[in-house]
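A.B. asks:
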Amino acid sequence: MEFVIEGLIRLSGVSAIVFILAIFGFIGKEGIVFLFTHIVEMLTSTDWSPTADTPVYGIVALIVGTVWCVGLSLLVSVPLGIAAAVYLSEFSGERTREWLKVIVELLAAIPSVVWGFIGVMIINPLLQAGGAQVGLNGINGALVLGLMTLPLLVSLGEDALRAVPESYRQAALAMGATRWEMVRLVLLPAASRGLLVAVLLGVGRCVGETMAVLMVTGHAVRIPNELFSPVRTLTATIAAELGEAVRGGEHYQALFALGVMLFALTFVVNLIADRTIRGRAESVG
464 MEFVIEGLIR LSGVSAIVFI LAIFGFIGKE GIVFLFTHIV EMLTSTDWSP TADTPVYGIV
524 ALIVGTVWCV GLSLLVSVPL GIAAAVYLSE FSGERTREWL KVIVELLAAI PSVVWGFIGV
584 MIINPLLQAG GAQVGLNGIN GALVLGLMTL PLLVSLGEDA LRAVPESYRQ AALAMGATRW
644 EMVRLVLLPA ASRGLLVAVL LGVGRCVGET MAVLMVTGHA VRIPNELFSP VRTLTATIAA
704 ELGEAVRGGE HYQALFALGV MLFALTFVVN LIADRTIRGR AESVG
């Protein structure tokens with residue numbers, strides 16, 4: 464029986480690797496050739512016009528739009544997420560912590576299309592009331608992404624903080640530090656690697672989000688020149704245009720090339736997070 468269980472566990476581990484390689488092979492079969500033959504045009508042009516008489520496949524504006532939304536979303540989610548994680552880990556009572564963790568888990572379970580509706584129906588008019596000419600813009604997308612990423616940061620951040628040995632807390636308090644000084648000077652530095660991993664995984668979550676940003680960013684291929692500029696992300700471009708592209712055509716291959724770039728980007732982010740975890744384990748060991 465033990466042999467069977469070990470075999471199933473080993474099979475599960477191997478199958479995960481096989482599935483990832485299969486996904487990369489499926490995307491790469493359609494997109495890698497196009498990516499390497501058009502890489503200069505894609506990385507130097509801001510014009511994405513795949514259906515024009517003379518197609519242009521510049522993705523600079525799409526990359527900037529993606530970075531714009533992800534970067535601004537981190538300004539929302541990281542401070543709130545770490546603050547909430549500190550409260551749950553160090554200041555809340557046991558009963559309060561249980562209720563708040565349930566709420567955080569419920570937030571994580573909200574589908575992305577529902578977050579898109581929230582962006583369109585609630586954040587959009589609020590931004591217009593605040594002076595934005597168009598409420599569907601990069602700020603809207605950043606707020607939605609920040610709210611979507613918040614549960615992940617809170618959960619992982621609390622785990623990182625609670626993983627700090629209790630002796631650290633007791634030593635700081637014994638030396639006369641207040642609770643806040645203990646958190647600021649001892650706990651946060653000791654948990655910094657775990658918190659960094661939470662942020663990196665949040666970045667990966669933001670980069671890969673599709674439906675919500677498709678609904679709320681304005682879907683304009685342009686480099687933002689002001690705070691409330693509409694933008695378009697790489698994922699939203701794939702979702703919006705793949706159904707209209709001719710299978711096997713240049714437009715179709717260009718969208719798969721975007722998929723290859725996204726796959727590589729998320730792989731790098733997760734690799735950095737993994738190396739950070741390993742570095743933490745080695746330093747502790």
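Everything in the sequence shown is counted per this note's numbering, starting at 464 for the first residue and increasing by one.
Glycine included, each C-beta is placed from N, C-alpha and C at the ideal position.
When the Cα atoms are used, what is the spatial distance from L551 to L563?
C.D. replies: 8 Å
A.B. asks: Return the CA-CA distance between I472 and F489, expressed in angstroms with no decimal places.
C.D. replies: The alpha-carbon atoms of I472 and F489 are separated by roughly 26 Å.
A.B. asks: From which residue to which residue does the alpha helix (DSSP H) around T673 run?
C.D. replies: Element bounds for T673: n/a, residue is neither H nor E.
A.B. asks: Comparing C-alpha positions only, which one of L677, A703, L721 and L651 sits nearest to I545?
C.D. replies: L651
A.B. asks: Taking buried to mean at least 16 other C-beta atoms within 10 Å of its own C-beta, is R656 buried or exposed?
C.D. replies: buried
A.B. asks: Output needed for G671: all residues of its chain with C-beta closer than 8 Å, excluding positions within five of it in sequence on either side, in chain order.
C.D. replies: T698, L725 and T729
A.B. asks: From the DSSP output, read off the bridge partner residues of W511.
C.D. replies: Beta-bridge analysis with DSSP links W511 to Y520.
A.B. asks: Given a cut-off of 9 Å, decide if E644 and A654 are closer than it, judged by their beta-carbon atoms.
C.D. replies: Judged by beta-carbon spacing, E644 lies beyond the 9 Å limit of A654, meaning their Cβ atoms are not closer than that value.
A.B. asks: Are the beta-carbon atoms belonging to L519 and E504 less than 9 Å from one another?
C.D. replies: Correcting the residue type first, residue 519 is Val in the shown sequence and not Leu. Going by C-beta atoms, V519 is nearer than 9 Å to E504.
A.B. asks: Going by C-alpha distance, which of S692, E689 and V684 is nearest I701?
C.D. replies: V684
A.B. asks: I'd like the list of long-range same chain contacts for T507, defined as Cβ closer than 8 Å, with 5 residues on each side in sequence excluded.
C.D. replies: G521 and V523
A.B. asks: Could you say if the segment 535-543 and the segment 605-615 meet the contact criterion of at least three C-beta pairs nearer than 8 Å?
C.D. replies: yes
A.B. asks: Taking N773 and G598 to be in contact with their CB atoms under 8 Å, please state how far apart those CB atoms are, rounded to whole angstroms.
C.D. replies: Outside the shown range of the chain, which is 464 to 748, sits residue 773, and nothing can be said about it.
A.B. asks: Could you check whether A675 and M611 sit closer than 9 Å to each other, using their CB atoms as the reference points?
C.D. replies: It is a contact, given that the beta carbons lie within the stated cut-off.
A.B. asks: Does the Cβ of G748 have 16 or more other Cβ atoms within 10 Å, making it buried, or fewer, making it exposed?
C.D. replies: Residue confidence for G748 is low, a pLDDT of 49 falling below 50, so the modelled location carries little weight and cannot support an answer.
A.B. asks: For V694, write down the residues that DSSP places opposite it in a beta bridge.
C.D. replies: Beta-bridge pairing links V694 to G681.
A.B. asks: Suppose you measure from the CA of L570 to the CA of G582; what does that come to, to the nearest Å?
C.D. replies: 15 Å
A.B. asks: Closest by CA to V731, which one among A595, L613, L663 and M638?
C.D. replies: L663
A.B. asks: Sort V481, I566, M584 and G594 by Cα distance to F691 and report the nearest one.
C.D. replies: G594
A.B. asks: Thinking T696 and T509 are a contact (beta carbons under 8 Å), I'd like their distance in whole angstroms, please.
C.D. replies: About 15 Å; that fails the 8 Å criterion.
A.B. asks: Please state whether DSSP places T641 in a helix, a strand or coil.
C.D. replies: coil
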